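Residues in the sequence shown are numbered from 0 upward in steps of one, following numbering that gives the first Met the number 0.
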Amino acid sequence: MTAQQPARPEGITGLDASDLAAKITAKEVSAVEATQAHLDRIAEVDGDLGAFLHVGSEAALAAAADVDKAVAAGETLSPLAGVPIALKDVFTTTDAPTTCGSKILEGWMSPYDATLTGKLRGAGIPILGKTNMDEFAMGSSTENSAYQVTRNPWDTTKIPGGSGGGSAAALASYQAPLAIGTDTGGSIRQPAAVTATVGVKPTYGTVSRYGLVACASSLDQGGPCGRTVLDTALLHQVIAGHDPADSTSIDAAIPDIVAAAKTGAQQDLSGVKVGVVTELQGEGYQPGVLASFNAAVGQLKERGAEIVEVSCPHFTYALGAYYLILPSEVSSNLARFDAMRYGLRVSDDGEHSAEQVMAATRAAGFGPEVKRRIIIGTYALSAGYYDAYYGQALKVRTLIARDFAKAYESVDVLISPTTPTTAFTIGEKADDPLAMYLFDLCTLPVNLAGVCAMSVPSGTSADDGMPVGLQIMAPALADDRLYRVGAAYEAARGPIG
Ligand code: GLN
């Protein structure tokens with residue numbers, strides 16, 4: 000099969016979020032119509048794509064009906080009221096199961112909503128359903144889901160990225176105009192890049208992790224996904240903000256992201272200094288990806304940006320550090336799935352001890368990649384090896400944060416390709432974890448440093464016609480810069496395909 004841009008449908012589902020919101024406010028389209036149109040679209044196309052694990056038609060329509068009542072009563076609506084969303088199945092919801100793509104949580108119902116879920120509800124954004132993901136967000140292709148494969152709408156033989164492949168595929172195939180992902184090492188940006196959608200990993204601590212089932216707590220960050228930079232900005236503004244229920248939440252003002260996206264769309268980047276990261280290009284990168292990246296650099300320059308090359312020497316070690324820190328945290332976080340408190344319980348027949356039930360449940364409930372990481376993490380944290388592995392990785396983490404800090408002394412944003420190659424074929428790397436990990440090369444430094452980044456589509460690769468993403472990185476709490484530069488680039492680039 001050759002790559003083909005998914006056709007934009009006629010009617011409601013073909014509208015991007017900001018246009019749909021305007022029509023709802025103008026009473027040209029009701030919120031119920033908007034939600035129903037997307038539910039119909041899911042019924043029509045998701046059988047082939049597998050983006051959703053659960054579709055919550057009733058709850059979504061009820062939320063939409065509430066918005067219509069508010070419209071009829073003349074209430075002031077939040078900017079995205081009535082625009083439905085796809086939610087990664089790692090955020091808890093009281094009205095739908097939360098599985099994290101794992102058998103161990105099959106059918107598990109949370110007793111509470113994540114803070115982010117509550118913010119979506121509060122903004123009148125109907126939740127269409129929960130999207131497929133790599134088990135507990137570990138993976139780069141969504142193939143590690145215990146439930147189903149998700150396919151890339153550009154070419155259904157290819158992966159949609161991971162771990163948030165379901166959210167990205169839902170957006171790219173017009174099943175939802177907005178989506179939520181989480182990014183621990185790239186799981187928002189990388190699926191965005193390979194599906195030609197926009198995804199942002201906000202500054203660590205600016206979007207609440209309360210009710211986001213933990214993978215690696217010091218790296219995990221929920222964030223917004225859309226088909227345009229403006230839509231992503233509107234959603235970002237809804238979900239960001241301090242949360243006392245999350246002890247790592249930052250009590251700092253969130254910059255005006257939507258205003259930044261609107262300024263950016265004017266396409267004037269004079270005075271903006273953009274650094275091209277030396278270490279995130281060259282050998283190992285697909286020629287079509289580099290060509291697309293270089294064209295993007297040219298367009299930023301044409302719009303007035305000053306382009307300089309910046310070296311971040313420790314980025315080379317990000318992969319090694321990440322794949323020690325992440326498994327270490329995973330080995331601790333996933334200890335809570337003990338067969339006693341949540342979900343699956345195996346061998347509970349009165350013949351086995353509690354310990355045996357725990358072991359049998361974890362053996363049956365976790366997939367191979369999750370087990371691999373629990374074992375690596377347990378080893379890296381063990382008494383004799385802690386300093387040599389985990390301790391060293393933390394030092395590298397600090398050096399990467401210093402590389403960023405130094406770079407931002409002379410530039411406003413850094414850029415790179417989001418991924419070294421375009422989407423690969425389903426099954427191609429399934430038995431080769433290291434090859435899979437290499438796909439995250441460009442996105443990992445951002446998580447290790449806690450800063451923010453966006454992936455914005457930069458066209459397609461001449462090699463295979465598949466989408467390529469431009470990664471824009473900015474300092475902590477300067478998320479608005481991503482939107483200014485991202486919107487300017489998006490406008491300069493013009494339509495894809
Ligand atoms: N692919 C990376 C991993 O497997 C990133 C995952 C993520 O961001 N959740 O760890």
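In this text, a Cβ means the ideal position worked out from N, Cα and C, and glycines have one as well.
This structure is a prediction, so every number in the text was calculated from the model and none was measured.
Query                                                                                                                  : Result
Residue 275 versus 207, 449, 300, residue with shortest Cα-Cα distance                                                 : 300
Alpha-carbon spacing of residue 139 relative to residue 325, whole angstroms                                           : 14 Å
Residue 164 beta carbon less than 7 Å from that of residue 53                                                          : no
Cβ neighbours of residue 12 in the same chain (closer than 7 Å, five flanking residues each side left out)             : 36, 37, 40, 173
Inter-residue spacing [alpha-carbon to alpha-carbon] between residue 80 and residue 57                                 : 17 Å
Residue burial classification, residue 485 (beta-carbon count within 10 angstroms, cutoff 16)                          : buried
Whether residue 150 touches residue 48 by CB criterion (7 Å)                                                           : yes
Per-residue burial, residue 409 [other beta carbons within 10 Å of its own, 16 or more giving buried]                  : exposed
Sufficient close CB pairs (3 or more, under 8 Å) joining the region 386–403 to the region 308–321                      : yes
Endpoints, alpha helix (DSSP H) assigned at residue 435                                                                : 432–437
Residue 8 - DSSP class collapsed to helix/strand/coil                                                                  : coil
Cβ-based burial, residue 367 [other Cβ within 10 Å; buried from 16]                                                    : exposed
Check: residue 182 C-beta below 6 Å from any heavy atom of the ligand GLN                                              : yes
Endpoints, the alpha helix (DSSP H) within which residue 470 is located                                                : Segment 466–473 is the beta strand (DSSP E) holding residue 470; no alpha helix (DSSP H) there.
Spatial neighbours of residue 482 in its chain, beta-carbon cut-off 7 Å, leaving aside the 5 residues before and after : 228, 232, 256, 259, 260, 263
Check: residue 439 C-beta below 6 Å from any heavy atom of the ligand GLN                                              : yes
Of the listed residues 190, 250, 242, nearest to residue 224 (C-alpha basis)                                           : 190
CA-to-CA distance, residue 281 to residue 467, given in whole angstroms                                                : 16 Å
Where residue 424 falls, given that 16 or more other Cβ within 10 Å makes a residue buried                             : exposed
Residue from 203, 166, 353 whose Cα sits closest to the Cα of residue 446                                              : 203
Exposure label - residue 279; buried when at least 16 CB within 10 Å                                                   : buried
Residue 162: CB within 6 Å of a non-hydrogen atom of the ligand GLN                                                    : yes
Proximity winner among 169, 469, 32, 283, relative to residue 487 (alpha-carbon distances)                             : 469
Distance between residue 452 and residue 186 (C-alpha atoms, nearest Å)                                                : 12 Å
Of the residues 76, 126, 18, 8, the one placed nearest residue 61, counting alpha carbons only                         : 126
Simplified DSSP assignment, three categories, for residue 50                                                           : coil
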